[in-house]
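Structure, as structure tokens:
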Amino acid sequence: MGRGIALALAREGVHVVCSDIKRNAHSTASRKTSIFQHTPSLQTMGELLHINSKFSKIDIIINNAGVWWPLRDFVEETDEQWDIMMAVNGKGCATAMREAIKQMIKQPIAESGARGRIVNISSAAGITAIRREATYAASKAAVTTLTKTVALGHAKDRTAQASTNFRDPAIIAEMRKGAPWPRLGEPIDVANMVVFLCTDEALWIRGQNIAVDGGFTV
């Protein structure tokens, strides 16, 4: 998903900086316009957003990193599972948003009227009940509500936020039961929405959770 989004933005001429906890996560595509940085922990996120001297500002940030555990009943979930999912899915998103906004509010207002765009990748589990993934659902619901709250609080700073919803391939069987569309989603489906949300035409979309799920959450 992250790779699809990065490549879609690069095709639009965006200079992309990707980060991942895995050193070999980057693709060889679009090297002329993209940079990959290894981010081993949340503590380095602030440095990631500020140390890159090649670019003078941050126009867009996409929070796509996430952790998902195999389906299990809530009573079988553990504190470790809760802590890891909340740390990555919830705190990770919040940390990246906070550091990005610190930089964005220092930047001049663009002709569009905004200083920057933030798109957070949530999940169907964050807006509707899906069996046997309570902890994951709670972490993604946090992303959905965080997006709305931060968008409202920082509207005065001319930063625009929205979240997109996606279907995890690990729960395809569950999704097939409820998806009305003949096919399941592909990374490009979410990437296309992300690209749109980063355009001037989408400036008036703020703090919204947009379900890119073929009608699954209708």
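Quick note on our numbering: the sequence shown kicks off at 1390 and runs consecutively. Glycine is no exception: its CB is placed at the ideal position from the N, C-alpha and C atoms. Note that this is a predicted model, so its numbers are computed, not measured.
Residues near residue i in its chain [Cβ-Cβ closer than 8 Å; skip 5 each side]
| i | result |
| --- | --- |
| Leu1592 | Ser1501, Gly1502, Ala1503 and Ala1549 |
Environment of residue i [buried if 16+ CB atoms lie within 10 Å]
| i | result |
| --- | --- |
| Val1464 | exposed |
| Ile1450 | buried |
| Thr1467 | exposed |
| Arg1506 | buried |
| Thr1536 | buried |
| Leu1541 | exposed |
| Glu1590 | exposed |
| Ile1498 | exposed |
Residue-level contact to chain B via CB, residue i, 7 Å cutoff
| i | result |
| --- | --- |
| Gly1604 | In summary, chain B is missing from the structure at hand, where a single protein chain is found. |
Minimum C-alpha distance to residue i - residue among the options
| i | options | result |
| --- | --- | --- |
| Val1601 | Asp1589, Ala1580 and Leu1541 | Ala1580 |
| Ser1351 | Ala1485, Gln1492, Arg1521 and Lys1537 | Given a span of 1390 to 1607 for the chain in the structure shown, any question on residue 1351 remains unanswerable. |
| Ala1483 | Thr1606, Thr1534, Ala1395 and Ser1512 | Thr1534 |
| Lys1480 | Met1582, Lys1537, Ser1528 and Gly1603 | Ser1528 |
| Arg1595 | Ala1523, Ala1395, Pro1576 and Ser1552 | Ser1552 |
Residues that residue i bridges to, as DSSP identifies them
| i | result |
| --- | --- |
| Asn1509 | Asn1452 and Ser1552 |
Beta-carbon contacts of residue i that lie in its chain and below 7 Å, excluding the five residues immediately before and after
| i | result |
| --- | --- |
| Arg1461 | Arg1521 |
| Val1477 | Ala1454, Gly1455 and Val1456 |
| Val1584 | Ala1397, Leu1398 and Glu1401 |
DSSP three-state assignment for residue i, whether helix, strand or coil
| i | result |
| --- | --- |
| Leu1396 | helix |
| Ser1528 | helix |
| Leu1460 | coil |
| Phe1585 | helix |
| Ala1580 | helix |
| Ile1473 | helix |
Residues near residue i in its chain [Cβ-Cβ closer than 6 Å; skip 5 each side]
| i | result |
| --- | --- |
| Ile1494 | Asp1546 |
| Ala1530 | Gly1515 |
| Ser1419 | At Ser1419, the pLDDT of 49 sits below 50, so the modelled position is not reliable; the number obtained from the coordinates is stated separately. Within the same chain, Ser1419 has close Cβ partners Ala1399. |
| Ala1523 | Phe1463 |
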